[in-house]
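Residues in the sequence shown are numbered from 12 upward in steps of one, following the numbering used here. Note that CB positions come from ideal geometry on N, CA and C, so glycine has one too. In what follows, a single structure is set out as structure tokens and then discussed.
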Amino acid sequence: MSSDTVYILDGSAFLYRSYYAIPSLKTQNGVETGAFYGFVRAVFSILKAKKPAYFAIAFDLPAPTLRDKLYKDYKATRKETPNELVSQIPLIKQAINLLGIRLLEKEGLEADDIIAYVAYKSKEYNKNLTIYTPDKDLMQLVEDEKIIVVNPITNKVFDEKAVLEKFGVEPSKLADYLALIGDSVDNIKGIKGVGPKKAIELLKKYGSVENILSHWDEIQKTFKEASKEDLELSYKLIKLNPLDFLDMLDIDIEDLRIFYNIDLKKTEEFFIDFNMKSILKDLNAIFKSKGSSQKTLF
Numbered sequence: 012m013s014s015d016t017v018y019i020l021d022g023s024a025f026l027y028r029s030y031y032a033i034p035s036l037k038t039q040n041g042v043e044t045g046a047f048y049g050f051v052r053a054v055f056s057i058l059k060a061k062k063p064a065y066f067a068i069a070f071d072l073p074a075p076t077l078r079d080k081l082y083k084d085y086k087a088t089r090k091e092t093p094n095e096l097v098s099q100i101p102l103i104k105q106a107i108n109l110l111g112i113r114l115l116e117k118e119g120l121e122a123d124d125i126i127a128y129v130a131y132k133s134k135e136y137n138k139n140l141t142i143y144t145p146d147k148d149l150m151q152l153v154e155d156e157k158i159i160v161v162n163p164i165t166n167k168v169f170d171e172k173a174v175l176e177k178f179g180v181e182p183s184k185l186a187d188y189l190a191l192i193g194d195s196v197d198n199i200k201g202i203k204g205v206g207p208k209k210a211i212e213l214l215k216k217y218g219s220v221e222n223i224l225s226h227w228d229e230i231q232k233t234f235k236e237a238s239k240e241d242l243e244l245s246y247k248l249i250k251l252n253p254l255d256f257l258d259m260l261d262i263d264i265e266d267l268r269i270f271y272n273i274d275l276k277k278t279e280e281f282f283i284d285f286n287m288k289s290i291l292k293d294l295n296a297i298f299k300s301k302g303s304s305q306k307t308l309f
């Protein structure tokens, strides 16, 4: 069991991946379970491969966030979450609780912010951190071998070298890079006329968004339609800085310890109720061998 590494899954990002990757599944009563099934499979895959001592899953909440207050059109271009997915979220969270995994969510914050906070605390406790997410924004947290990102779809591991190869900038400059080019997915503008190549050139010349803003007269000579306010806002929306909201969270690394002595019988019955007998073998392999005192149904 790995006790020197904290593992955290970007639950909100993976909800959508599970929903669109798995064909529609329903129980006899018509309850949608495709995303639920895919999500649990992903969690079990991590538990089997890594046998973590510390594992948590972070979620967004529907309440307005700090970014929504900064910019009313933040993520305005995204489609509404399908009702078929919304209905499965409580099932997923119930499963997480039954499995003894810490679920992290906080009104006003996104899953990304919570993960950034866990990264901050992991360094404080001298723990490594592995983040499971397909979201590029979280790659700005990558640091040496201490913090890595794993894409749970492709299993691609992003350390500092891999981030540099993908984006052309190191992780510490990724927020600057993304602020410059913008992000249509989150409706973040960036600088009009600046693409990936030009963003890299600007960062090589000026080093950071902060320095670009302090030399704005030079920038505007080339990018006449560029807006200084847009760049300032883009950077605030993209940059993950847990120091901005330390007073909103109180998570100790020991709070993320996963206890394998779950109520196995109750958990099996829960999954059977949703026609998910196929995962019981993995459930038993992961939890029964860890000392659960409950008798299995099979």
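Requested in this report: Specify the secondary structure class of Asp-79 as computed by DSSP and reduced to three states.
Outcome: Three-state DSSP puts Asp-79 in a helix.
Query raised in the report: Which of helix, strand or coil does DSSP assign to Val-180?
Result: coil
Query raised in the report: Contact check, Phe-285 vs Leu-152 under 8 angstroms by CB: the rounded distance?
Result: Rounded, the Cβ-Cβ distance is 34 angstroms, inconsistent with contact.
Query raised in the report: Between the region 185-201 and the region 219-230, do three or more beta carbon pairs fall short of 8 angstroms?
Result: yes
Query raised in the report: Can you give the Cα-Cα distance for Thr-7 and Glu-121, rounded to whole angstroms?
Result: With the chain covering only 12 through 309, there is no way to say anything about residue 7.
Query - Through-space distance from Ala-46 to Lys-37, alpha-carbon basis - result: 10 angstroms
Query raised in the report: In chain order, what residues of the same chain lie with their CB nearer than 8 angstroms to the CB of Met-259, ignoring the 5 residues before and after it?
Result: Same-chain partners within the cutoff: Lys-117, Gly-119 and Leu-120.
Query - Spatial distance of Ile-164 from Thr-144 (CA atoms) - result: One Cα belongs to Ile-164, the other to Thr-144, and the distance between them is close to 8 angstroms.
Query raised in the report: If you run the structure through DSSP and keep just helix, strand and coil, what is Thr-38?
Result: coil
Query raised in the report: If Asp-241 and Lys-200 are in contact, beta carbons under 8 angstroms, what's the gap, nearest whole angstrom?
Result: 4 angstroms
**Report entry** Leu-294 versus Tyr-27 - alpha carbon distance
**Finding:** C-alpha separation (whole angstroms): 23 angstroms.
Requested in this report: Have a look at Ser-98, Phe-25 and Pro-73 and flag the residue whose alpha-carbon is nearest the alpha-carbon of Gly-41.
Outcome: Ser-98
Report task. Could you tell me whether the Cβ atoms of Thr-88 and Ser-245 are closer together than 8 angstroms? Result -> no
Query raised in the report: From Phe-178 to Asp-71, what distance separates their C-alpha atoms?
Result: 26 angstroms
Query - Residues near Ile-158 in its chain [Cβ-Cβ closer than 6 angstroms; skip 5 each side] - result: Ala-130, Leu-140 and Leu-152
Query raised in the report: By DSSP, does Tyr-271 sit in helix, in strand, or in coil?
Result: coil
**Report entry** Pair within 8 angstroms by beta-carbon distance, Ile-202 and Phe-234
**Finding:** Closer than 8 angstroms, so yes.
**Report entry** Assigned secondary structure, Asp-123 (DSSP; H/G/I helix, E/B strand, else coil)
**Finding:** helix
Report task. Hey, could you find the ends of the alpha helix (DSSP H) Asn-198 is sitting in? Result -> No alpha helix (DSSP H) holds Asn-198; DSSP gives it neither H nor E.
Requested in this report: Using the Cα positions of Lys-59 and Ile-211, report the straight-line distance between them to the nearest angstrom.
Outcome: 39 angstroms
Query raised in the report: Got a sec? Which residues, its chain only, sit under 7 angstroms from Val-168 by beta carbon, not counting five neighbours each side?
Result: Ile-159 and Val-161
Query raised in the report: Anyone know if the C-beta pair for Ile-19 and Ala-74 falls short of 8 angstroms?
Result: no
Report task. Note the first and the last residue of the continuous beta strand (DSSP E) segment covering Phe-285. Result -> Neither: Phe-285 is in no beta strand (DSSP E) and is coded neither H nor E.
Report task. Quick one: give me the first and last residue of the beta strand (DSSP E) that Leu-191 is part of. Result -> Premise fails: Leu-191 lies in the alpha helix (DSSP H), 185-192, not in any beta strand (DSSP E).
**Report entry** Rounded distance between the beta-carbons of Ile-192 and Gly-206, thought under 8 angstroms
**Finding:** 6 angstroms
**Report entry** Alpha-carbon to alpha-carbon, Asn-108 and Leu-114
**Finding:** 7 angstroms
Requested in this report: Starting from Arg-113, follow the beta strand (DSSP E) in both directions and report where the run begins and ends.
Outcome: Here the beta strand (DSSP E) through Arg-113 covers 113-115.
Report task. Have a look at Asp-123 and Gln-39 and give me their C-alpha separation to the nearest angstrom. Result -> 36 angstroms
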